[in-house]
Amino acid sequence: MAKTIRLTMAQAVAHFLKAQMTVEGGKKVPIFAGVWGIFGHGNVAGMGEALYQVREELPTLRAHNEQGMAHAAVAFAKASFRQRFMACTTSIGPGALNMITAAGVAHVNRLPVLFLPGDVFANRIPDPVLQQIENFGDGTVSVNDAFRCVSRYFDRITRPEQIIPALKRTMQVLTDPVDCGPVTLSLCQDVQAEAYDYPASLFEEKVWTHRRPRPDSDELAAAIATLRKAEKPLIIAGGGVLYSQATAELKAFAGMHGIPVAVTQAGKSALPDDHPLCMGSIGVTGTSAANAFAEEADVILAVGTRMQDFTTGSWALFKNDAVTMIGLNTAAFDAAKHNSQPLVADAREGLTLLSETLGGWKAPAAVEAAAKSRKDEWMAAANRATAATNAALPSDAQVIGAVQRAIGGDNSVLVCAAGGLPGELHKLWRANRPGGYHMEYGFSCMGYEIAGGLGVKLARPEADVVVMVGDGSYMMMNSELSTSIMLGQKLTIVVLDNRGYGCINRLQMATGGANFNNLLKDSMIETMPDIDFRAHAESMGAVAVKVSSIADLETAIERSKGNDRTSVIVIDTDPLITTKDGGHWWDVAVPEVSARDEVNTAREAYVKALEAQRIG
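Under the UniProt record's numbering, the residue at position 513 of the sequence shown is numbered 513, and the numbers go up by one with no gaps.
Now the structure itself:
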């Protein structure tokens, strides 16, 4: 008879998680780096007790906010290129729901994270328990059902033995290059404490490796035939290049075949910015160099990208009527988008086989010549935008330039998320190391930045992690600043205070709207807020300073390198200035009728712009 071990369901989860391993840098390491936990009545007696038993092998980290700790877990997975990940446990109710936003971030960005929220009593005897919702027409509903639409796999555990297949399916999803994304195991709180005789084999060590599917021979042949006919080819590199750890293969492919490369937000740093064939960012927040190649391209090799609207300029960027797209992606769903020729494969495997089969084929010499001139022209524009200034209220671009000059070296990781900064950083930040640019722009989630920076630091403790965040995002979520200090994980946080939601204010103006409810001065207020971000950060334990000039900002960043804990540097910025060079139209619907002449004028321009969209 097979050997069994009697454990509670929660204990079985903890012992299973600590037994899952992977190989990193030739060394076997736990695939779960730890568990973030905020305990409440729905998980403290079950998961809390279980995690205590394995705390030496599977560390439990305490946070201040459930959304924040989940963002940190998501960022850890992204910074680890999906090779390792973390779990998050909360009580039933508000704690669980606080993680939904981060689950959306993970789902959109195809990032692995395990959510373990407590749930109602499976036996229903004490119902309704504290924090339990009641659905008048469905007795099986709990708040955790909200996780279903933002989970790649969801299961509610109502009997202790159900965790056996659920855990196995969990690992399949978390480690699969196609299905990869968040998993939610909703743990009924009474069942967490129930014991079962589990097979000992469930807790045996298992080593997970990265699956690399190779392309179908017919799809490969079709892609080769298309590339050989290309006169004006372009590569679009997405996050899948980084997750596949295919940056060396991308660099070799581009160089051997003389094809310029444009990068998405997730793909930035897949090719060093200083590489002569790296044209920089593409699309709505693209460089003039990358977008010029995109507009004229007759063949586009899209590697590891979802081809979302910021990348495609809402499908109005590609203006060559004869353009053919090749979708090199592990997911058939993404590979076939916009009538692309699918090449379903791992990025590293696909690029290697494409290059081997292409042999000595190279794009026309005029392509590389154009790449040099266009890149030189763009770099001159970028240097003007980021140059030092004595302006009382510098632009975001000028702050970016100061941070870039002060940080220096290839050991830094720049972290950001929502607002106007992602657009400027996508164009202007120079990332020369894989993973040196960490942007959450799939979900564009305000509040991700500081918690995400903490997750990056946990994944890459040797790196200088620099977080750039606007005052709007800082106000939405700053609690994990304190957690970074508590855990001894040093961050450098630059807060750009433009006194409102400057990015959306600019969009509001561009679509003909009046300045309304975005900048603080244009909102319904009795007293203008005067938030002292320096004092706030200092009260949380950070070394904090407010600077009044770009020169002082550079000095403050240099001094922060000697600090023994997280540093926060605050600078006031102009909410209206943005880099005019580069960029592309973005489809934001403008009202068809309005009492404002400005809106009607914007509508006319919008209707005209729609003519450039490639439908289907």
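The C-beta atom is built at its ideal place from N, Cα and C for all residues, glycine as well.
> Which stretch, first to last residue, makes up the alpha helix (DSSP H) that contains W378?
Replying inline: A365 to T386
> Are the region 437-447 and the region 394-408 in contact at 8 angstroms, needing three or more beta carbon pairs?
Replying inline: no
> Given R306, which residues of its chain have a CB within under 6 angstroms of its CB, disregarding the five upstream and five downstream residues?
Replying inline: D334
> If we call anything under 9 angstroms between Cβ atoms a contact, is G582 one with W429?
Replying inline: Using a Cβ distance threshold of 9 angstroms, G582 and W429 do not count as a contacting pair.
> Would you call the CB atoms of F85 and A50 closer than 9 angstroms?
Replying inline: no
>> So, under 8 angstroms CB-CB, G40 and G95 are touching, yes? Tell me the CB distance rounded to an integer number of Å.
In response: 5 angstroms
> Curious, which full-length beta strand (DSSP E) runs of at least 3 residues does the region 302-373 contain?
Replying inline: 324-329 and 341-344
> Just the Cα atoms here: how many angstroms apart are I300 and I326?
Replying inline: 6 angstroms
> Within this structure, are the beta carbons of K3 and P165 separated by less than 9 angstroms?
Replying inline: no
> What does DSSP give as the partner residues of D587 in its beta bridges?
Replying inline: Answer is none; D587 lacks a bridge partner.
> What are the start and end residues of the alpha helix (DSSP H) that includes R603?
Replying inline: D597 to L610
> What's the C-alpha gap between L234 and P364?
Replying inline: 12 angstroms
>> Please identify the residue among V105, C88 and L317 whose C-alpha is closest to the C-alpha of N65.
In response: C88
> Which term fits K427, buried or exposed, when burial requires 16 or more other beta carbons within 10 angstroms of its beta carbon?
Replying inline: buried
> Which of the three DSSP states, helix, strand or coil, is assigned to R62?
Replying inline: strand
> Are there 16 or more other CB atoms within 10 angstroms of the CB of T492, so buried, or fewer, so exposed?
Replying inline: By the neighbour-count rule (16 or more Cβ atoms within 10 Å), T492 is buried.
> What did DSSP end up calling T436 once you bin it into helix, strand or coil?
Replying inline: This sequence places Gly at residue 436; Thr is not what is there. Coil at G436, not helix or strand.
> Excluding five sequence neighbours on each side, which residues of the same chain lie with their C-beta closer than 8 angstroms to the C-beta of L425?
Replying inline: I400, L414, C416, Y437, M439 and M468
> Between which two residues does the alpha helix (DSSP H) harbouring K490 extend?
Replying inline: Looking at the DSSP string, K490 is not in any alpha helix (DSSP H), and its letter there is neither H nor E.
> Which stretch, first to last residue, makes up the beta strand (DSSP E) that contains R6?
Replying inline: Here the beta strand (DSSP E) through R6 covers T4 to T8.
> In terms of residues, what are the limits of the alpha helix (DSSP H) holding S288?
Replying inline: Following the DSSP letters along the chain, one finds S288 inside the alpha helix (DSSP H) bounded by residues S288 to E296.
> Could you give the distance in angstroms between the alpha-carbon of residue 617 and the alpha-carbon of F310?
Replying inline: Absent from the model: residue 617. The displayed extent of the chain is 1 to 616, so no value can be given.
> How is K18 classed by DSSP in three states: helix, strand or coil?
Replying inline: helix
>> With DSSP as the reference, identify every bridge partner of W208, one or two as the case may be.
In response: T22
> Less than 9 angstroms separating the beta-carbons of G239 and H584?
Replying inline: no
> From T357, A290 and Q189, pick the residue whose C-alpha is nearest to that of F253; which is it?
Replying inline: T357
> Span of the beta strand (DSSP E) holding R156?
Replying inline: Y153 to I157
> Taking the beta strand (DSSP E) that F115 falls in, what are its first and last residues?
Replying inline: V113 to D119
> Using a Cβ-Cβ cut-off of 8 angstroms (strictly less than) and excluding sequence neighbours within five positions of W361, which residues of its own chain qualify?
Replying inline: L227, R228 and H257
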